[in-house]
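Participant:
Protein chains in written order, with the UniProt record's numbering: chain A, 1 to 571; chain B, 1 to 571.
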């Protein structure tokens, strides 16, 4: 008898081996026993893969179907339910329903998703090449030298102590153990491989990423050529004789002469490149996807605002703003060049573990104890910030709802009652009361208008705050992984020290681990510092914008009431 | 077996023969059959009297107690439920629950109540004399000439055609029939007796009430010496060594040198005198009584405001403001003189039917058809005004409740969320963010303060509107009776014309009825005109006050927000 399970939350496969499933779907499981929170099974079409154990409810063997635990509660409680608590475990996001009780929050995005499946933008069209380089044989290593003879110095960097190439990948792990959890961010990000000295790649001067010592600790070297980029004119385009349609946006960077036209799927592709490229950088999340109604004006406007926020965070980031793939995305206007650049980015060797090869650190190594304390402090901070932004988001979402519903209704009811009174008064047959009747009627109209003001206001002040919070909730969702990589590196340092003490590792090898942990720590602290800087900048700007809008709003109400008051002046 | 009935609404006896009862009380009925909507019965103390049939629920004979119809629905539907519909029937007010679904409306007062029973102010103390003149023998007629030799010309007026004295009271009614409904306002007010020519009394020059022809029809001659009166310093007084306590108010009229001290019961006594004295004048209702907590600050402040409104309407009325008993109330500072004036007022002959003797009309008689159309128009107007004030009252009562509850809560929740965010931000260990944190914290405080503003506001703007509406709802409750008297008179005119055509009445007698109907019509139209004038004045003033308060309110909010915005200026 087959073991069946019912899917209780939608799950989108984000890594090879995972199985995308939809709520309500029935799966056939290989075993009831989960492995590190994952169950193996196959769907009705026979496709096999892993699904998170918390996303399904085991129904039992065929015969027992429908008679065994049909509640929506996940059967397993040994799988973390979200937030920092799961940091040391798996990085897979929990079902949204478990972490957040607020409705419109941006869905948790995962740093490491590859091409999105079920995206609202189709990918398979002639402008883009849907095949990825990873599928093509014989393209590993040394590409840049071959394809680009542009004279920049390119050199091979390796972290192998006295060894070259990838052949020794499993060897050094015999000394300092590899993490057996293949879903660990530390492993997936390449952090582990880098610390253990397994990363290797050619780094051009242009790829170098500098961490410098600033007044508050390590920070990314500022982009010497800062720029910004506007996103305008969302335009509906069609192709295949109208069979397919999509929205394109005009992107106008300040540092290039020509605007470019990009679709959401291009952003999405870029996001995927950046996420795999920069393990300890919090790549801003794209505005959430929406399966239906994506050509509706509200949605387009909302998405555009989200993309503007996203772009703002991209261009503000000293590392992200400079990177090749982003520049290609912003500047390429030629179709052929686009394809070439796309292919190049997808073949990029300096992703994951190799990314760390590109980082240059300040001369003095960091005090790891101090680093650990700073990271722990930041962890506490992000937890608090996560809680309070969640609360603020819920509160202002409710506030917006109330203003658009109850508040509007109350003011309009008052308006209508005044108008009813003025209508009753108009029956008094007295000429001397017509001025009063008009005044009361105008007052009624004024309150109806004020009700409308309340209805319109949230889109002007609360919505931008919610957009801000959504963006930051994205960052806060990224940081557990960022921190996890640094923590993993630090654990390796401690392990190596122990091994040296026990004579199981030579000091040179341990020093190498130390140095590489220093690189990861510098990058992590620089990223944290950057986060604080943009956070202060963004929240200041948004609080000011919010208060300015609120002031304008109450002044508008006051003006309307003053207008009404004047009507009584010459009665 | 005794027939029992359960009282379902409180009823306060307002006329001799009626029985005050309380909700839940069990009565023993004489008969299950009501007479014109009244049932006779006795309470548990054996006191016997009439109660409105709709106020009780008949339980059946003792044995059937509790097994017979225990719903709260009145058993009889042949008794009018309120408003104009009952005009031609009885004038007894229906239970409040049946006419009004809004909570804080002033309870319906009856024009013709005598000493209030169950009042919250005790009456039986040494300062006041609780015995009424009606109980004393030998005090009918011609008193003024005997007791007051002050030289004003006093003359006897009678409406009897060619006859003098009261002997003929029943005679003329043989021709134009008397209304058999002893509860009819037309009968109770003395309107019927006057129209039928049965009223008789001595009218001094000072008692004359003039109706003049104004631009909009008949109106009361203006008071040539207008004045106003403030009500201040509600002070708790005790007597009987602290056994009894009461609140006294300082009344300061502008036309006398000395303020007087009055209690609510004095207002109540005055109200009763005025209500029986002026059948076609809408005597403003006193602020509602409250049995418990009458020394609480809120209640005292609310009552004082109500008394101020009442006083304003009294001093604004050309007839009421000048009348002896009101002047006595406003000016008498001597205890002995007070008693004397009180006794005199209670002995006043010119009440009810005789009141109409005091009215002098414009020379040209009114066109009754036009009068009827005006009265009907006013009836429609009052109905519409009653509905719309009821609606407005309900709306703003709810609006006030929302502002003090939901609105306050929403703003304060936003405030608290901002503060929580600033507290989270304070954990960031970054010195450069402390300004922002302070700004957000201040913004949080500002929203909490704004929540408080919303809580406080209704007492400043909506409460006065509700006070205004309560006062006008009192007037609107008076007008059915006022109109009823005029309608009754008009009916008598029509009857008399028919009788003349049929040769049953001589033309002189019919002309007398015509003339007296003209007097009632003039007074009624003058009162309606006065009502419209003060209505326009009061609503204009209150709408202005309301809007001014609202403007101040939103400006205060704006100011608070501007203060918050400034905190972000120098970050």
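The C-beta atom is built at its ideal place from N, Cα and C for all residues, glycine as well.
Using CA coordinates, which residue listed in B:194, B:273, B:301 is at the minimum distance from residue 236 of chain B?
Facilitator: B:301
Participant: Going straight from the alpha carbon of residue 387 of chain A to that of residue 422 of chain B, what length do you get?
Facilitator: 12 Å
Participant: Using CA coordinates, which residue listed in B:22, B:17, B:2, B:18 is at the minimum distance from residue 10 of chain B?
Facilitator: B:22
Participant: Use the C-beta contact count for residue 420 of chain B: other C-beta atoms within 10 angstroms, 16 or more gives buried, fewer gives exposed.
Facilitator: buried
Participant: Does residue 536 of chain A get closer than 8 Å to chain B when you measure Cβ to Cβ?
Facilitator: yes
Participant: Count the other C-beta atoms from every protein chain shown that fall within 10 angstroms of the C-beta of residue 243 of chain A, then say buried if there are 16 or more, exposed otherwise.
Facilitator: Its Cβ having fewer than 16 others within 10 Å, residue 243 of chain A is exposed.
Participant: Under the assumption that residue 489 of chain B contacts residue 191 of chain B (Cβ atoms under 8 Å), give the Cβ distance between them as a whole number of angstroms.
Facilitator: Contact flag correct, Cβ pair sits at about 6 Å.
Participant: Would you say residue 385 of chain B faces chain A, with C-beta separation under 8 Å as the test?
Facilitator: yes
Participant: Just to confirm before moving on: does the CB-CB distance between residue 13 of chain B and residue 26 of chain B stay below 8 Å?
Facilitator: Going by C-beta atoms, residue 13 of chain B is not nearer than 8 Å to residue 26 of chain B.
Participant: Please look up how many angstroms separate the CB atoms of residue 58 of chain A and residue 29 of chain A, rounded, as I've assumed it's under 8 Å.
Facilitator: 7 Å
Participant: With a cut-off of 8 Å, does the C-beta of residue 520 of chain A fall near any C-beta of chain B?
Facilitator: no
Participant: How is residue 281 of chain A classed by DSSP in three states: helix, strand or coil?
Facilitator: coil
Participant: So, under 8 Å CB-CB, residue 567 of chain B and residue 438 of chain B are touching, yes? Tell me the CB distance rounded to an integer number of Å.
Facilitator: Confirmed, Cβ separation roughly 6 Å.
Participant: In three-state terms, what does DSSP make of residue 47 of chain B?
Facilitator: Of the three classes helix, strand and coil, the one that applies to residue 47 of chain B here is coil, per DSSP.
Participant: Measure the C-alpha to C-alpha separation of residue 518 of chain B and residue 368 of chain B and round it to an integer number of angstroms.
Facilitator: 8 Å
Participant: Are the C-beta atoms of residue 213 of chain B and some chain A residue less than 8 Å apart?
Facilitator: no
Participant: Starting from the C-beta of residue 407 of chain A, find all residues in its chain whose C-beta is less than 7 Å away, skip the five residues before and the five after it, and write them out in chain order.
Facilitator: Excluding sequence neighbours, residue 407 of chain A sits near 454.
Participant: In the stretch 184-202 of chain A, which residues sit with their C-beta less than 7 Å from some C-beta in chain B, listed in chain order?
Facilitator: none
Participant: Quick check on DSSP: helix, strand or coil for residue 548 of chain B?
Facilitator: helix
Participant: Using the DSSP secondary-structure output, state which residues sit across from residue 61 of chain B in a beta bridge.
Facilitator: B:3
Participant: Please classify residue 546 of chain B as buried or exposed, where buried requires at least 16 neighbouring CB atoms within 10 angstroms.
Facilitator: Around the beta carbon of residue 546 of chain B, 16 or more other beta carbons sit within 10 angstroms, so the residue counts as buried.
Participant: So the candidates are A:548, A:534, A:525, A:552; which of them puts its Cα closest to the Cα of residue 210 of chain A?
Facilitator: Put simply, of A:548, A:534, A:525, A:552 the residue whose alpha carbon is nearest the alpha carbon of residue 210 of chain A is A:525.
Participant: Using a Cβ cut-off of 8 Å (strictly closer), state whether residue 408 of chain B contacts chain A.
Facilitator: Not one chain A Cβ lies under 8 Å of residue 408 of chain B.
Participant: Could you name the residues of chain B that residue 414 of chain A contacts, counting a contact when the two beta carbons are closer than 7 Å?
Facilitator: Near residue 414 of chain A (Cβ distances below 7 Å), the residues of chain B are 395, 396, 399.
Participant: Using the beta-carbon of each residue, which ones in chain D are nearer than 7 Å to residue 451 of chain B?
Facilitator: This model lacks chain D altogether, as its protein chains are A and B.
Participant: If I follow the unbroken alpha helix (DSSP H) through residue 240 of chain A, where does it start and stop?
Facilitator: Careful: residue 240 of chain A lies outside any alpha helix (DSSP H) and carries neither H nor E.
Participant: Rounded to whole angstroms, what's the CA-CA distance from residue 511 of chain A to residue 286 of chain A? Just pull it up for me.
Facilitator: 39 Å
Participant: Run through chain A and tell me which residues come within less than 9 Å of residue 562 of chain B, C-beta to C-beta.
Facilitator: 547, 551
Participant: Spatial neighbours of residue 267 of chain B within its chain, please: CB distance less than 6 Å, with the 5 preceding and 5 following residues excluded, ordered by chain position.
Facilitator: 286
Participant: On a Cα-Cα basis, can you pick out the residue from B:565, B:551, B:256, B:491 that is closest to residue 332 of chain B?
Facilitator: For residue 332 of chain B, the closest alpha carbon among the candidates B:565, B:551, B:256, B:491 is that of B:256.
Participant: Is the shortest distance between the beta-carbon of residue 427 of chain B and the beta-carbons of chain A less than 8 Å?
Facilitator: Contacts with chain A at 8 Å (Cβ-Cβ) include residue 427 of chain B.
Participant: Considering only residues of the stretch 177-219 of chain B, which uninterrupted beta strand (DSSP E) runs meet the minimum length of 3 residues and lie entirely inside it, listed in chain order?
Facilitator: Taking only runs of at least 3 residues, the beta strand (DSSP E) segments lying wholly in the stretch 177-219 of chain B are 200-204, 209-214.
Participant: For residue 6 of chain A, does the count of other Cβ atoms within 10 angstroms reach 16, so buried, or fall short, so exposed?
Facilitator: Buried.
Participant: Along chain B, in chain order, which residues have C-beta atoms closer than 7 Å to that of residue 544 of chain A?
Facilitator: 565, 568
Participant: From the beta carbon of residue 515 of chain A, is the nearest beta carbon of chain B less than 8 Å away?
Facilitator: Under the Cβ distance rule, residue 515 of chain A does not count among the residues neighbouring chain B, no pair being separated by less than 8 Å.
Participant: In chain order, what are the residue ranges of uninterrupted alpha helix (DSSP H) at least 4 long that sit wholly in the stretch 405-440 of chain B?
Facilitator: 408-425
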